[in-house]
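Keeping their order, the protein sequence lines are chains P and R.
Using the numbering used here, the letters of the first sequence map in sequence onto residues 3 to 104.
Using the numbering used here, the letters of the second sequence map in sequence onto residues 3 to 104.
Each remark here refers to the structure printed beneath this line.
2 protein chains.
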Amino acid sequence: MERFLLLLDGPWATLIVRELLQGPRRFSELRDALEGISAHTLTHRLRRFEAHGIVTRTVYAEIPPRVVYELTPLGESLRDILYAMAAWGQSVTNQQLMAATD
Amino acid sequence: MERFLLLLDGPWATLIVRELLQGPRRFSELRDALEGISAHTLTHRLRRFEAHGIVTRTVYAEIPPRVVYELTPLGESLRDILYAMAAWGQSVTNQQLMAATD
DNA sequence: CCGGATCCGATGTGATACTG
DNA sequence: CAGTATCACATCGGATCCGG
């Protein structure tokens with residue numbers, strides 16, 4: 003089975019990558035942008051991304067500390083997938099999905 | 003949060019849709035093509051797809067019984083996403099992924 | 001500010017046995 | 001052939017408390 007599918011597993015994973023596609027982000031910036039995500043989940047997704055080589059984690063030893071996450075070229079290459087997802091979401095109205103979901 | 007992400011949740015969901023993109027498939031054809039999937043899981047994914055309107059289920063009351071699954075136009079519209087995923091998987095060598103995963 | 005530790009619930013998946 | 005029922009396990013995610 004293909005590994006790459008596991009990278010975007012879970013509802014938050016794709017949303018985090020989508021946010022990082024817009025540029026480097028601090029931990030708190032991600033948490034604020036992804037309204038509703040817990041620090042617990044955000045940390046775990048970022049750690050996995052890091053382990054899979056699609057995100058870099060840079061720690062600035064300042065007071066207060068600052069941690070910046072940034073997509074690697076490998077992570078940037080996910081852009082086409084995210085774009086395809088975004089396009090699909092726009093072409094399918096919420097009404098269609100809601101009616102089909104219930 | 004966007005509903006469509008939940009459609010392709012889990013490692014098998016995308017693979018099932020990818021198989022159906024090649025044409026209608028019987029239950030046993032899907033199970034054979036997706037080596038390693040359990041009947042339990044395949045049934046549950048197909049039932050969800052059906053409920054979400056991306057797959058139709060047609061039962062032929064023959065002996066032995068025959069059940070054919072086919073993508074709806076809504077399901078077909080997922081093609082671009084699956085293609086983008088496939089392209090990504092091909093551009094990234096397995097070596098890269100394995101090295102990054104461990 | 002950026003998490004780690006821990007406990008908990010929900011869900012995806014498998015194994016096995018069984019059925020119309 | 002095409003499932004269903006049940007049990008078991010892993011992982012995603014949230015809540016809460018605590019630490020560098």
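Beta carbons: idealized from backbone N, C-alpha and C, even for Gly.
Could you give the DSSP three-state label for P:VAL19: helix, strand or coil? It is helical.
Cross-chain neighbours of P:ALA89 in chain R, by beta carbon under 8 Å: Here the neighbours are ASP82.
Rounded straight-line distance, which links the Cα of P:GLU37 to that of R:HIS54: Cα to Cα, R:HIS54 sits roughly 26 Å from P:GLU37.
Where does R:THR16 land, buried or exposed, given buried means 16+ other C-beta within 10 angstroms? R:THR16 should be labelled buried.
Excluding five sequence neighbours on each side, which residues of the same chain lie with their C-beta closer than 6 Å to the C-beta of R:LEU76? Within the same chain, R:LEU76 has close Cβ partners GLY55, ILE56.
Euclidean distance between Cα positions of R:VAL94 and P:VAL69: Distance between the alpha carbons of R:VAL94 and P:VAL69 is about 28 Å.
Span separating the alpha-carbon of P:PRO66 from that of P:ARG81: Rounded to the nearest whole angstrom, the C-alpha separation of P:PRO66 and P:ARG81 is 32 Å.
First and last residue of the beta strand (DSSP E) that includes R:LEU80? It is not in any beta strand (DSSP E) - R:LEU80 carries neither H nor E in the DSSP assignment.
Can the beta-carbon of R:LEU84 be found closer than 7 Å to that of R:ARG20? It is a contact, given that the beta carbons lie within the stated cut-off.
Near P:THR43, which residues of its chain fall below 7 Å by C-beta distance, leaving aside the five closest residues on each side in sequence? Closer than 7 Å at Cβ, skipping near neighbours: TRP14.
What residues match up with P:LEU73 in a beta bridge as DSSP calls it? Looking at the DSSP assignment, P:LEU73 forms a beta bridge with P:VAL57.
Quick one: give me the first and last residue of the alpha helix (DSSP H) that R:ALA35 is part of. Per DSSP, R:ALA35 belongs to the alpha helix (DSSP H) from 29 to 35.
Verify the CB distance criterion: does P:ALA86 have a CB-CB separation below 7 Å to chain R? It does: the Cβ of P:ALA86 has a partner Cβ on chain R nearer than 7 Å.
Mind checking R:ARG59: buried by the 16 CB within 10 Å criterion, or exposed? Exposed is the call here.
Can you list, in chain order, the residues of its chain with a C-beta nearer than 6 Å to that of P:LEU9? Leave out the 5 residues immediately preceding and following it. Within the same chain, P:LEU9 has close Cβ partners HIS54.
Find the nearest neighbour of R:ARG50 within the set R:GLN92, R:GLY91, R:TYR71, R:ALA88, judged by alpha-carbon distance. Minimum Cα distance to R:ARG50 is reached at R:TYR71.
Would a check of beta-carbon distances place P:GLU52 closer than 7 Å to chain R? Chain R places no beta carbon closer than 7 Å to that of P:GLU52, leaving this residue out of the contacts.
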